[in-house]
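Participant:
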């Protein structure tokens, strides 16, 4: 059995919802953690979000006040990417745009110490292609957390063409120390979870176009017959309709028309109805900034 090198310091680039959740998990696993974002407001929101979640755990007696303070104390909030230089692992959590990922990884490759591992939280983009812009492709890997990262139990670990066994082992061990279950897969479009999920979601878009049943009843069917925590249209809104369509389009490019999204759902994206984050999707919500 291959053992990975011990990871004691973790950097996270991007302090959005995913990034700050990952930083909290790293700190909970006793890693010294650096959370970097160029926008100070994002760092302030991240600090507040982490503190509030930990306070809820203290109030419900799932965590001691001392432990909560220790977790926050292990996180350094910074606008300076150079503060990532001495981390054993840097996890990128920026938007799902390949050109942006490549730019970030090229920069991290220059900043990070030679032994550092570089991970991307991408849910679908090629690990091999991202790794190719670095001089350390054997140390580049996927570490796909699911939202909300602090709650969802799985970390999907897609492996690039040149990723070493030692890198895989180190990431598995870290994820497990965070209390996560792990699956390791090859570098394939959408990896495993999104490829399986997209099949269901795309079929839901066809049901929507065909007006066979109300969206509420589709959601009920998945929740009460199959035990899903939310139905497909609730999930579209929760994840972002635009995000889900982008994932499906990537799978369609790779695997063909079986992943073609229905017209009605695509029209929602054109109208700017993205779900919870815009205040309207298949259902109506208060906007996130209200």
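In this note's numbering, the protein residues as written are 221 to 510.
Every residue gets a Cβ at the ideal spot worked out from N, C-alpha and C, and that includes glycine.
Count the CB pairs spanning the stretch 338 to 355 and the stretch 254 to 274 that are closer than 8 Å, and state whether there are at least three.
Facilitator: no
Participant: Helix, strand or coil for residue 201 per DSSP?
Facilitator: A query on residue 201 cannot be resolved here, the shown segment of the chain reaching from 221 to 510 and no further.
Participant: Could you say if the stretch 413 to 424 and the stretch 449 to 469 meet the contact criterion of at least three C-beta pairs nearer than 8 Å?
Facilitator: Cβ pair count under 8 Å is three or more, so yes.
Participant: Skipping 5 residues on each side, what residues in its chain have a beta carbon closer than 6 Å to that of residue 395?
Facilitator: So the qualifying residues of the chain are 375, 402.
Participant: Could you pull the start and end residues of the beta strand (DSSP E) that residue 253 belongs to?
Facilitator: 252 to 256
Participant: According to DSSP, residue 338 sits in a beta bridge with which residue or residues?
Facilitator: Answer by DSSP bridge pairing, in chain order: 310, 360.
Participant: Going by DSSP in three states, residue 452 sits in which element: helix, strand or coil?
Facilitator: helix
Participant: Does DSSP put residue 470 in a helix, in a strand, or in coil?
Facilitator: It is helical.
Participant: For residue 509, is the classification buried or exposed, using 16 other Cβ atoms within 10 angstroms of its Cβ as the cut-off for buried?
Facilitator: Reliability of the predicted coordinates at residue 509 is poor, the pLDDT of 49 falling under 50, and the value obtained from them is presented with this limitation in mind. Exposed.
Participant: Please return the same chain residues whose Cβ sits closer than 7 Å to the Cβ of residue 410, not counting the five positions on each side in sequence.
Facilitator: 344, 418, 467, 470, 471
Participant: Which runs of the alpha helix (DSSP H) fall wholly inside the stretch 236 to 311 and span at least 4 residues, in chain order?
Facilitator: 237 to 248, 260 to 279, 285 to 293
Participant: Note the first and the last residue of the continuous alpha helix (DSSP H) segment covering residue 423.
Facilitator: 413 to 430
Participant: Return the CA-CA distance between residue 366 and residue 372, expressed in angstroms with no decimal places.
Facilitator: 6 Å
Participant: Which same chain residues end up closer than 7 Å to residue 306 when comparing Cβ atoms and leaving out the 5 residues on each side of it in sequence?
Facilitator: 229, 333
Participant: Measuring alpha carbon to alpha carbon, tell me which of 311, 335, 500, 360 ends up nearest residue 253.
Facilitator: Residue 311 is the option with its Cα nearest to residue 253.
Participant: Flag this pair as yes or no: are the beta carbons of residue 314 and residue 233 separated by less than 9 Å?
Facilitator: Yes. Within cutoff.
Participant: Got a sec? Which residues, its chain only, sit under 6 Å from residue 480 by beta carbon, not counting five neighbours each side?
Facilitator: 472
Participant: Of the residues 450, 406, 384, which one's Cα is nearest the Cα of residue 225?
Facilitator: 384
Participant: Within its chain, find whatever has a CB closer than 8 Å to the CB of residue 422; leave out the 5 residues flanking it on each side and keep chain order.
Facilitator: The residues are 468, 478, 479, 480, 481, 482.
Participant: Within a Cβ cutoff of 8 Å, which residues of the same chain sit near residue 292, ignoring the five residues on either side of it in sequence?
Facilitator: 247, 267, 270, 271, 274
Participant: Is the stretch 276 to 288 in contact with the stretch 433 to 447, if contact means three or more CB pairs nearer than 8 Å?
Facilitator: no
Participant: On the three-state DSSP scale, how would you describe residue 387?
Facilitator: Helix, per DSSP.
Participant: Check the C-beta distance from residue 407 over to residue 381 and give it rounded, since I have them as a contact under 8 Å.
Facilitator: 7 Å
Participant: Between residue 415 and the ligand COA, is there a pair consisting of the residue's CB and a ligand heavy atom that are separated by less than 8 Å?
Facilitator: Because no ligand of any kind appears in the structure shown, any question about the ligand COA cannot be addressed here.
Participant: Taking the alpha carbon of residue 349 as the point to measure from, which residue in 321, 363, 336 has its own alpha carbon closest?
Facilitator: 321
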